[in-house]
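Engineer: Those sequence lines, one after another, are chains A and B.
Its first residue numbered 29, the first sequence is counted upward by one per residue in our numbering.
Its first residue numbered 447, the second sequence is counted upward by one per residue in our numbering.
Just so it is clear, CB atoms sit at the ideal spot from N, CA and C, and this is done for glycine as well.
All figures in this text were calculated on a predicted structure; none of them were measured in a lab.
Let me begin by handing over the structure; questions about it come next.
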Amino acid sequence: MTAYLLKRLAIALITLVLASMVVFAVLEIIPGDPARLMLGMNASADQVELLRNQMGLNAPLAARYLHWAGGLLSLDFGRSYTYSVPVIDLVRERIVVSLPLALIALALSTIIAIPVGLFSVGRHGRAGDTIAMGAAQLGVAVPNFWFALMLIYLFAVWLRLVPAGGFPGWSAGVWPALKSLVLPAIALALPQAAILARVTRSALIEVLNEDYIRTARAKGLPYRAVLWRHALRNAMIPVLTILGLQFAFLLAGTIIIENVFYLPGLGRLVFQAITQRDLIVVESVVMLLVAAVIAVNLLVDLSYAVVDPRLRSRQ
Amino acid sequence: MKLWKTILTAAALVLSAETSAFAARDLVIGITLEPPHLDPTAGAAAAIDEVLYANVFEGLTRIGPNGEVLPALAESWTVSDDGKVYTFKLHSGVKFHDGTDFNADDVKFSLDRARADNSVNAQKGLFAAIDTVEMVDPATVRITLKNPQSSFLYNMGWGDAVIVAPETADTNKETPVGTGPFKFQNWAKGSSITLIRSDAYWGAPVSLDKAEFRIVTDAAAAVPALLSGDVQAFPFFDPDSVAQIQGDPRFKVVIGATEGETILSMNNKKPPFDRLQVRQAISFALDRKAIIDGASAGLGVPIGSHMSPANKAYVDLTGLYAHNVEKARELLKEAGLENGFKATLKLPPPPYARLGGEIIASQLRDVGIDLQIVPVEWAQWLDQVFTKKDYDLTIVSHTEPNDIDIYSRKDYYFNYDNPTFDKIIADLNLTSDEAKRMTLLGEAQKILADDAVVGFLYELPKVGVWDAKLEGFWANAPIQANDLTKVKWTE
Chain A
29 MTAYLLKRLA IALITLVLAS MVVFAVLEII PGDPARLMLG MNASADQVEL LRNQMGLNAP
89 LAARYLHWAG GLLSLDFGRS YTYSVPVIDL VRERIVVSLP LALIALALST IIAIPVGLFS
149 VGRHGRAGDT IAMGAAQLGV AVPNFWFALM LIYLFAVWLR LVPAGGFPGW SAGVWPALKS
209 LVLPAIALAL PQAAILARVT RSALIEVLNE DYIRTARAKG LPYRAVLWRH ALRNAMIPVL
269 TILGLQFAFL LAGTIIIENV FYLPGLGRLV FQAITQRDLI VVESVVMLLV AAVIAVNLLV
329 DLSYAVVDPR LRSRQ
Chain B
447 MKLWKTILTA AALVLSAETS AFAARDLVIG ITLEPPHLDP TAGAAAAIDE VLYANVFEGL
507 TRIGPNGEVL PALAESWTVS DDGKVYTFKL HSGVKFHDGT DFNADDVKFS LDRARADNSV
567 NAQKGLFAAI DTVEMVDPAT VRITLKNPQS SFLYNMGWGD AVIVAPETAD TNKETPVGTG
627 PFKFQNWAKG SSITLIRSDA YWGAPVSLDK AEFRIVTDAA AAVPALLSGD VQAFPFFDPD
687 SVAQIQGDPR FKVVIGATEG ETILSMNNKK PPFDRLQVRQ AISFALDRKA IIDGASAGLG
747 VPIGSHMSPA NKAYVDLTGL YAHNVEKARE LLKEAGLENG FKATLKLPPP PYARLGGEII
807 ASQLRDVGID LQIVPVEWAQ WLDQVFTKKD YDLTIVSHTE PNDIDIYSRK DYYFNYDNPT
867 FDKIIADLNL TSDEAKRMTL LGEAQKILAD DAVVGFLYEL PKVGVWDAKL EGFWANAPIQ
927 ANDLTKVKWT E
């Protein structure tokens, strides 16, 4: 187990170093000058050069990489070119929106998906199964921005139960803040739930065809007990894998939903930083996300060991 | 079933009880782009002025709702006979929001800072004519110019020329401190910027207690934001979405003019665009009505040269290249290009460019010009098109006011070079007589049209939408600003 863990950690570290090089190099290649963007079309070339010097953009590439990567090691993520504040402050402001939103959406998605998957398996091949999986198919197919807009028109414009968008901040109180996350969380959760329900169903069907399930049934265990005690647990590995991927996506890949609900989340921070060529923000935030994804994957790997005792003793 | 009903009703009650009724003197204004920072003297982004101009920061002069120059921190001024010395009499009793006094020292500091060698003011050209700035007494400033400059008072009204205090100049990006009727309260990044009324304001007090600028980037989200009452005004609304609001009596829709000349820029040094006939052929091939319908929901006024129809110097030259496919083909034939040619059209992100580009590509195809569309981001556009001039054609709206002089700039991305035109702009700069200026501006427009320097398309409209109970917003946008000083709730 320890060797398994150490190996995973070593791979994670190497991934981080390689990712930092790729991220830095890619952003250096894309055209666009942050100084020109800030000064606009009426500024002279000399002035742009002056600002480039002030921003430290004229230092050699390797020196800038080492400076940045060295900063990361001491958890210094640099200062934003456009906002002129430490990147970590920007991330902190956004993570208090993105993290709760991702967690709520993930919880919702799990709460919807697992029962639907179980329901479908219980009625395998019958009308209930067809309807549930048809709905799941629809959930995957419907564009989430459209679904989000429909939610807004129903709950914000017509019923006026929740705001149409925006985030008042946690300082405005837990309830107003949560209220503004309800619709985005639903809009994010539904397509994820649809995918997860399909994965749960197919994993369960596969497990239910195993010999040991037949044996369990043969020795007289009721279907329900077999499903809960033997099948579900064994079907968890693919479900956990998908959950891990979904969490990483929900943390930063939600730019469309963030735009529709004008939420100040991480996705929009990165998007805005890219359009403004605020490279240091893009680089540092992407690295943080890489680290988060690696950490989640590590957790998922560890959770395999929890659901599957064989993995604990294998190494 | 009954249980569900009870739960839903209960939930509805809880939720609705929480919906705070906003006070009648608060206002939430929607803006589409977030300012990168809050210092108007340190960036070109229009979003900075849209929040702060006239609200938080003031200059010696200011630009009014119709583009006129009005007194601001200077209550009056005199100009010497040779047009080189401006003496400004400042308002007394003016305080910055941090409580410090405003006086002539601050004016000298602000203008010297903006024109210093290490200044990164995005409109440094505004201050280029200034020779010295002297404090005569705390309430009087004398500015001496190197040469007479007719636009000087106008220039001092730009957002980039506002007066800042030496103590707070370096922190204005995060916590702006000005002399205006509103003071900065809070910036929740990515979300909103809040201003509150400054009770110590020297001028006429404003009606609003609080103004929150909420950042709503998505045009599709702007409509429900208005309908739900979350946002009460969008002074710059997406033309394509306006049909959804227009019939609703709860809102006012006001279509005004901007200073944004939307043009099909051509690289005047790159063959075949270096030939007059080719540029004229393209100008004839453009059906401006169809472009406005498709790219701007039918809103926007066709232009024939680089001047807003709302400007008093405007000369109507739209008849010069009225849509005429035959004529365009003839001109191409004269240029020896009867078989047409291929070129690229680089399009920045705004809808006027992306949508307009598709339409223009199809219109030019009718005369045999085969355009390859290349979508680019702003950063790429500034780099490739604007700085490196690596382009054939592009579409962009030049939103700066009174900017016809860009065609005389050396090394500007049009690659246009006409000494006669340059001479007119140089004369214009030295002429203060209003009638003579109008004549010169008319000639300048005529030359640009004759040379078909670019394809002149239309003036970008300003589509404003706000709650019908609000009044005092600007109908036009002579500069990109949301002046809230006269905005109030009527009930």
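A205(A) and L232(A): beta carbons closer than 8 Å?
Structural biologist: For A205(A) and L232(A), no; Cβs fall outside 8 Å.
Engineer: If you follow the beta strand (DSSP E) that F902(B) is part of, which residue opens it and which one closes it?
Structural biologist: First-last of the beta strand (DSSP E) with F902(B): 901 to 913.
Engineer: Just the C-alpha distance for Y111(A) and R80(A), rounded to the nearest angstrom, thanks.
Structural biologist: Answer to the nearest angstrom: the Cα atoms are 15 Å apart.
Engineer: What number of angstroms, rounded off, separates the C-alpha of Q343(A) from the C-alpha of A31(A)?
Structural biologist: For Q343(A), the predicted structure reports a pLDDT of 46, less than 50, and the residue's modelled location is therefore unreliable. A value from the coordinates is still provided. The alpha-carbon atoms of Q343(A) and A31(A) are separated by roughly 7 Å.
Engineer: Do you know offhand how far D838(B)'s Cα is from K592(B)'s?
Structural biologist: Their backbone Cα atoms lie some 39 Å apart in a straight line.
Engineer: At least one CB of chain B closer than 8 Å to the CB of E77(A): is that the case?
Structural biologist: Answer no: the Cβ-Cβ gap between E77(A) and chain B never drops below 8 Å.
Engineer: Quick one: what's got a C-beta closer than 8 Å to N861(B)'s C-beta in the same chain, skipping five residues either side?
Structural biologist: Result list for N861(B): N713, N714, K715, K716, K835, in chain order.
Engineer: Counting only Cβ-Cβ distances shorter than 7 Å, please list the residues of the segment 667 to 681 of chain B near chain A, keeping chain order.
Structural biologist: Against chain A - using a Cβ distance shorter than 7 Å - the residues of the segment 667 to 681 of chain B are A667, P670, A671, L673, S674, D676.
Engineer: I'd like to check one pair, D857(B) with W59(A): are the Cβ atoms closer than 8 Å?
Structural biologist: With the sequence shown as reference, residue 59(A) is identified as Pro, and Trp is not the correct amino acid for it. Taking 8 Å as the Cβ cut-off, P59(A) and D857(B) do not qualify as a contacting pair.
Engineer: Under 8 Å between the Cβ atoms of P474(B) and R696(B)?
Structural biologist: Inspection of the sequence shows that residue 474(B) is occupied by Val rather than by Pro. Contact: no.
Engineer: Is it true that the segment 664 to 682 of chain B meets the segment 191 to 205 of chain A, where meeting means three or more beta-carbon pairs spaced less than 8 Å apart?
Structural biologist: Touching, yes.
Engineer: In chain order, what are the residue ranges of uninterrupted beta strand (DSSP E) at least 3 long that sit wholly in the segment 491 to 560 of chain B?
Structural biologist: Whole beta strand (DSSP E) segments, 3+ residues: 507 to 509, 515 to 517, 520 to 525, 531 to 536.
Engineer: Could you check which residue in L801(B), N848(B), A562(B), F730(B) has the C-alpha nearest to that of G603(B)?
Structural biologist: Measuring from the Cα of G603(B), the nearest candidate turns out to be N848(B).
Engineer: Give me the Cα-Cα distance between K570(B) and Q595(B), rounded to the nearest whole angstrom.
Structural biologist: Each residue's alpha carbon lies about 15 Å from the other.
Engineer: Can you give me, in chain order, the residues of the segment 637 to 652 of chain B that have a beta carbon less than 8 Å from any beta carbon in chain C?
Structural biologist: Included in the structure are the protein chains A and B, with no chain C among them.
Engineer: In terms of residues, what are the limits of the beta strand (DSSP E) holding P821(B)?
Structural biologist: That run of the beta strand (DSSP E) goes 815 to 821.
Engineer: Counting only the same chain and skipping the five closest in sequence on each side, list residues whose C-beta sits under 6 Å from that of I639(B).
Structural biologist: Closer than 6 Å at Cβ, skipping near neighbours: V497, W633, F659.
Engineer: Within the continuous beta strand (DSSP E) that includes M712(B), where are the two ends?
Structural biologist: Residues 697 to 712.
Engineer: Since L930(B) contacts L654(B) with CB under 8 Å, what's their CB separation in whole angstroms?
Structural biologist: Yes, L930(B) and L654(B) are in contact; Cβ-Cβ is about 6 Å, under 8 Å.
Engineer: Spell out a yes or no on whether the segment 764 to 773 of chain B and the segment 729 to 736 of chain B are touching, meaning 3 or more CB-CB pairs, one atom from each, closer than 8 Å.
Structural biologist: Yes: the two stretches touch, three or more of their Cβ pairs being nearer than 8 Å.
Engineer: Would you please verify whether the beta carbon of A568(B) is less than 8 Å from any beta carbon of chain A?
Structural biologist: By this cut-off, A568(B) is an interface position.
Engineer: List the endpoints of the continuous alpha helix (DSSP H) containing A259(A).
Structural biologist: Segment: none, A259(A) is in no alpha helix (DSSP H) and carries neither H nor E.
Engineer: Which chain A residues are close to I939(B), counting only those with a beta carbon under 7 Å from its beta carbon?
Structural biologist: Absent from the structure is residue 939(B), since the part of chain B shown begins at 447 and ends at 937.
Engineer: Beta-carbon of P748(B) versus every beta-carbon of chain A: anything under 8 Å?
Structural biologist: No - not a single Cβ of chain A is within 8 Å of the one on P748(B).
Engineer: Within the same chain, show all residues whose beta-carbon is closer than 6 Å to that of A467(B), passing over the 5 residues directly before and after it, in chain order.
Structural biologist: Confidence is the limiting factor: at A467(B) the pLDDT is only 43, short of 50, which leaves the residue's position unreliable, though a coordinate-based value still follows. So no residue of the chain qualifies.
Engineer: Give the single residue among Q818(B), L810(B), V669(B), L876(B) whose Cα lies nearest to the Cα of T478(B).
Structural biologist: The residue with the shortest Cα to Cα distance from T478(B) is V669(B).
Engineer: Can you tell me whether DSSP reads T478(B) as helix, strand or coil?
Structural biologist: Three-state DSSP puts T478(B) in coil, outside helix and strand.
Engineer: Under 8 Å, do Q408(B) and A568(B) count as touching if we go by C-beta distance?
Structural biologist: In the structure as shown, chain B begins at 447 and stops at 937. Residue 408(B) is therefore absent and cannot be evaluated.
Engineer: Using C-beta distances below 7 Å, list every residue in its chain close to A38(A), excluding the 5 sequence neighbours before and after it, in chain order.
Structural biologist: There are no such residues.
Engineer: Which residues of the segment 167 to 197 of chain A have a Cβ closer than 8 Å to any Cβ of chain B? Give them in chain order.
Structural biologist: If the cut-off is 8 Å between Cβ atoms, the segment 167 to 197 of chain A has F173, L177, I180, Y181, A184, V185, L187, R188, L189, V190, P191, A192, G193, G194, F195, G197 near chain B.
Engineer: Quick check: is the beta carbon of E620(B) nearer than 8 Å to any beta carbon in chain A?
Structural biologist: Interface residue, yes.
Engineer: Find the nearest neighbour of D552(B) within the set A743(B), D577(B), R588(B), D563(B), judged by alpha-carbon distance.
Structural biologist: Among A743(B), D577(B), R588(B), D563(B), the Cα nearest to that of D552(B) is on R588(B).
Engineer: Please list, in chain order, all residues of the same chain as L339(A) whose beta carbon is under 6 Å from its beta carbon, the five residues on each side excluded.
Structural biologist: Taken in chain order, the residues that qualify are Y332, A333.
Engineer: In terms of residues, what are the limits of the alpha helix (DSSP H) holding W96(A)?
Structural biologist: Note, W96(A): alpha helix (DSSP H), 89 to 101.
Engineer: If the cut is a Cβ gap below 9 Å, which residues of chain A does F832(B) touch?
Structural biologist: Neighbours of F832(B) on chain A, chain order: R64, M69.
Engineer: Is there contact between the segment 895 to 912 of chain B and the segment 752 to 768 of chain B, where contact requires at least three CB pairs shorter than 8 Å?
Structural biologist: With a cut-off of 8 Å, the segment 752 to 768 of chain B and the segment 895 to 912 of chain B count as touching, because enough Cβ pairs lie within range.
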